[in-house]
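2 protein chains.
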Amino acid sequence: MLTGTNLEYTKSYNVRIVLETIRLYGPLSRVEIARRTYLTAQTVTNITRSLMQSGMIVEAERLQEGRGAPSILLKINPEGAYSIGLDLDKDHLTGVLVDLLGTPRQQIDMELKFPSSDEAMDILENTAKELITREGVELEKIWGVGIGLPGPFSVSDGAVLKDVVTPIGLPGWSNVPVREILSKRLSLPVFLENNANAAAIGELWYGAGRHIGTFFYVYFGAGLGGGVIINGQPYFGYTGNAGELGYYPASEPFDQEQNSQKPHLGQFFRLPSLYKKLQAEGYEVSNLVELEKLYEQKNDFLMGWIEKGATHLAPLVLAIEYLVDPQAIFFGGRLPDPIINDLLEKLKTILPTLRIKEKTSYPDLLNAAAGAEAAALGVATIPVYESMAPLPGLLMKTSKNSYRSLVRPVISEM
Amino acid sequence: MLTGTNLEYTKSYNVRIVLETIRLYGPLSRVEIARRTYLTAQTVTNITRSLMQSGMIVEAERLQEGRGAPSILLKINPEGAYSIGLDLDKDHLTGVLVDLLGTPRQQIDMELKFPSSDEAMDILENTAKELITREGVELEKIWGVGIGLPGPFSVSDGAVLKDVVTPIGLPGWSNVPVREILSKRLSLPVFLENNANAAAIGELWYGAGRHIGTFFYVYFGAGLGGGVIINGQPYFGYTGNAGELGYYPASEPFDQEQNSQKPHLGQFFRLPSLYKKLQAEGYEVSNLVELEKLYEQKNDFLMGWIEKGATHLAPLVLAIEYLVDPQAIFFGGRLPDPIINDLLEKLKTILPTLRIKEKTSYPDLLNAAAGAEAAALGVATIPVYESMAPLPGLLMKTSKNSYRSLVRPVISEM
DNA sequence: TTGATTAATTCAAATATTTTGATTAATTTA
DNA sequence: TAAATTAATCAAAATATTTGAATTAATCAA
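Note that the protein sequences, when read in sequence, are chains B and H. Just add 171 to the spot in the first sequence (first one is 1) and you have the working numbering. Just add 171 to the spot in the second sequence (first one is 1) and you have the working numbering.
Structure representation (structure tokens):
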């Protein structure tokens, strides 16, 4: 898979480069795009012409500054395409329909309790269809459906593309061909991703990651997950579980129920487990709104939980710092914003006590842009990312040009 | 830095793809190269013609199998180019001159004691010149000089390209323009790299990494370092210190002298510190040969040291497994081979006790191909890598096409 | 008001590289 | 010995970018 390239591939790549430049820095004039991409103005004219014909971009106002002909600004057409994201976890489903700029147009939330794979397929299908109906958009304009599932996955054959999944967090699921089932039922391209990676991709494409190329994303879902973005590209690891820090061993057990398993970090951040502990203390908390309310009351037990969480997270954050050396570490997902912020503050005081002082800069610890629906927005960006991002693999003559295809795939003897 | 591409870039990339295909799988016929790269036979003919003219490849024997015209096999010409690697550490210098196939032609070893930057510049210059004289090769055929220094580096301005360095491990060094000084004195391109990254690049280019795209390299030098290879590309991290696990905090202090610093893993694996401990126990050991001899005697104290080392390394190896998820973790550098092997065996028994059982495959723990001179061979490959590797950045219209340039560089507002 | 200047965009031709189709050469097979 | 097969190459076609000139639309200065 060490393949050459040609003009044809060059073109499709340049189209995406132009599109991405407009998306990130637009509205921009053709000449300005040429200046930034080092393409010629003529090439940009050619490319933008076809992009306008396909409705992906539109001309905006003229910009008059100084002498000469005023430039015509180009911008992404939000209605140029749509995408659907469905984030499924042990205890809930969030579905969103977004436009080309990532703006949510429709959203559906649902409480669940460990759905079986058959139940889940029906729920996912119906939610997608309901979103499309509500927005009243024709099927051709929808680029695809991204589906988020809780990682890690048990990958039986080492396949990088996870079409058939066995999510460890969803009991009873075993080698479910999610992609095949739903793409057939919905007549749309379907992409599967673990929700931590999805949240990271969302942050990369629409959030602060637009201007940060290398970051780690710590995702609070039903448990604890992680996603890695390296040089502007999602990084999945050899088995597809890179960044999965939920099962990192901990020194003490956190969860009485799950004492069959060795103690690990994900146990601590399991929301149902936190609710149960709070209920044992006499606080009636069973959802995020109530949790945030309790936090606003500066509840002692909750404060202690956050402090303890930061203490347990710190060594792993340090390992991320030393091993991955990212520009930033984002924290996001299904915890109330103020609680994440508090956790970050506490981490920021703990980390310096652990570090051996020698570097001049350390990764920023940041609260992720999208809130509780981060994963849903994240998976919704995958079809868009797949169609729009200037993936380096596009320049090579390989048949698979997925966002999951590697820059230089593992070399195999032929 | 989101740049387009064109035919010119396409060509230089295809040239490297052909070269790399021959290097990895050669000798190969033109048609076979075409089949593997998805280029046409005609294109391969054109490219190989110019590669033969520049002396990088040569025709080998004809291969007669079955009907049709026998194919003419092509292979890398070892004498097509040479490269020099100089690995400097706190206590030694290793210099090698290698040919295009990475075969060492000349080697120089030297014991040192914390050389000042001025002393080091002289030693490096003289060693390079001596290597060239001994081999008797003309300067034009030498693609460059790679210089390995102990990481981590203090990067004052966040520059990714480390032309001016302040290695923390070499006291007295401060913002030394190593690249400028030595490229002037030697009239050759000079590349700087920390020796763990260099060893990893060496393993990638000439070792087992030829067929493993994503791996971590744990490097035993004067202290403990690490290098990361992701999808066949060296990964450096945002500050250039990715994989630097030497300063990861440890639970107990290992080194009485350095008790001013907080305890960290690098202290444990410091060779001088081990020698001192052994001497305190009454064993006269002060170099690698004597250390290996002691190991062959199954010395109790040394065995205990290895066991303890494995115990302290295990949680970090697990973090690599969870965060980076590589196909393999290599262990190499300046520890005798049998000791590394022993350490690996012990790690392999400790790790399963730490893991929460849920994955079907784990990274292979492997002894690196090159021995004590891994870092020197590694830095020697950098000029070759820079000239030959099909770096994805080559396809983009950026001025800097170094092996350190990113696939999709950090996006900056213009 | 008008012509000169400036800058954005586009048309048309040139350029460079890959691809396509045909040709030549070398070997095996019947 | 002729047909079949495969490797390698020649020559022409195809395709995208680049180059250079032309067009368009604004400002500036007399």
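All C-beta atoms, glycine included, are put in the ideal place defined by N, C-alpha and C.
Measure from the alpha carbon of residue i to the alpha carbon of each residue in the options, then state which is nearest.
i              : options                           : result
V555 (chain B) : B:E250, B:R207, B:L515 and B:A212 : B:E250
L271 (chain H) : H:I243, H:D508 and H:E191         : H:E191
Q498 (chain H) : H:G307, H:D535 and H:I553         : H:D535
I339 (chain H) : H:T274, H:G378, H:I294 and H:S288 : H:S288
G397 (chain H) : H:L320, H:E179, H:R305 and H:E467 : H:L320
K479 (chain B) : B:A367, B:L465, B:A369 and B:Q438 : B:Q438
V308 (chain H) : H:S532, H:Y180 and H:L268         : H:L268
E423 (chain H) : H:P434, H:H382 and H:G417         : H:P434
Please classify residue i: does DSSP put it in a helix, a strand, or coil?
i              : result
S225 (chain B) : coil
R220 (chain B) : helix
K182 (chain B) : helix
K261 (chain H) : coil
R276 (chain H) : strand
L565 (chain H) : helix
G504 (chain B) : strand
S200 (chain H) : coil
I521 (chain H) : helix
N512 (chain B) : helix
L190 (chain H) : helix
G266 (chain H) : strand
A370 (chain B) : helix
E282 (chain B) : strand
S558 (chain H) : helix
G256 (chain B) : strand
N297 (chain B) : helix
R238 (chain H) : coil
A539 (chain B) : coil
R575 (chain B) : coil
R526 (chain H) : coil
L195 (chain H) : helix
L245 (chain B) : strand
K544 (chain B) : The sequence as given places Glu at residue 544 (chain B); Lys does not occur at that position. Coil.
What distance in whole Å lies between the Cβ atoms of residue j and residue i, which are believed to be in contact at a cut-off of 8 Å?
i              : j              : result
V550 (chain B) : E301 (chain B) : Not really, about 17 Å apart at Cβ, beyond 8 Å.
Y406 (chain B) : I372 (chain H) : With a Cβ gap of about 19 Å, Y406 (chain B) and I372 (chain H) do not count as contacting.
I500 (chain B) : V389 (chain B) : 6 Å
V361 (chain B) : S354 (chain B) : 4 Å
Y493 (chain H) : N470 (chain H) : About 34 Å separates the two Cβ atoms, so there is no contact after all.
L375 (chain H) : F440 (chain H) : Going by Cβ atoms, the distance from L375 (chain H) to F440 (chain H) rounds to 23 Å, so no, they are not a contact pair.
A291 (chain H) : G392 (chain H) : Wrong, their Cβ atoms sit about 16 Å apart, outside the cutoff.
D262 (chain B) : E236 (chain B) : About 54 Å separates the two Cβ atoms, so there is no contact after all.
T181 (chain H) : N177 (chain B) : 6 Å
L244 (chain B) : A252 (chain B) : With 8 Å as the limit, L244 (chain B) and A252 (chain B) do not qualify as a contact, their Cβ atoms being about 20 Å apart.
G384 (chain H) : G403 (chain H) : 5 Å
Is residue i near residue j, with beta carbons less than 7 Å apart?
i              : j              : result
E415 (chain B) : G504 (chain B) : no
I218 (chain H) : V186 (chain H) : yes
L514 (chain B) : A539 (chain B) : no
I255 (chain H) : V316 (chain H) : yes
T174 (chain B) : T208 (chain H) : yes
R305 (chain H) : Q278 (chain H) : no
F387 (chain H) : I491 (chain H) : yes
Y419 (chain B) : L436 (chain B) : yes
L473 (chain H) : L465 (chain H) : yes
A299 (chain H) : L357 (chain H) : yes
R233 (chain B) : V215 (chain B) : no
D496 (chain H) : A413 (chain B) : yes
L566 (chain B) : Y196 (chain B) : no
D293 (chain H) : N366 (chain H) : no
Cβ-heavy atom distance between residue i and the ligand MG below 6 Å?
i              : result
F387 (chain B) : This structure lacks the ligand MG, and indeed carries no ligand of any kind.
Exercise for the section: Quick one: which unbroken beta strand (DSSP E) runs of 3-plus residues sit fully inside the stretch 433-497 of chain B? Chain order, please. Expected result: none
Problem - beta strand (DSSP E) runs contained entirely in the stretch 372-427 of chain B, provided each spans 3 or more residues - result: 386-391, 395-401 and 404-406
Practice task
Pick out the complete alpha helix (DSSP H) segments inside the stretch 308-368 of chain H, 4 residues or longer, and give them in chain order.
Solution key: 349-357
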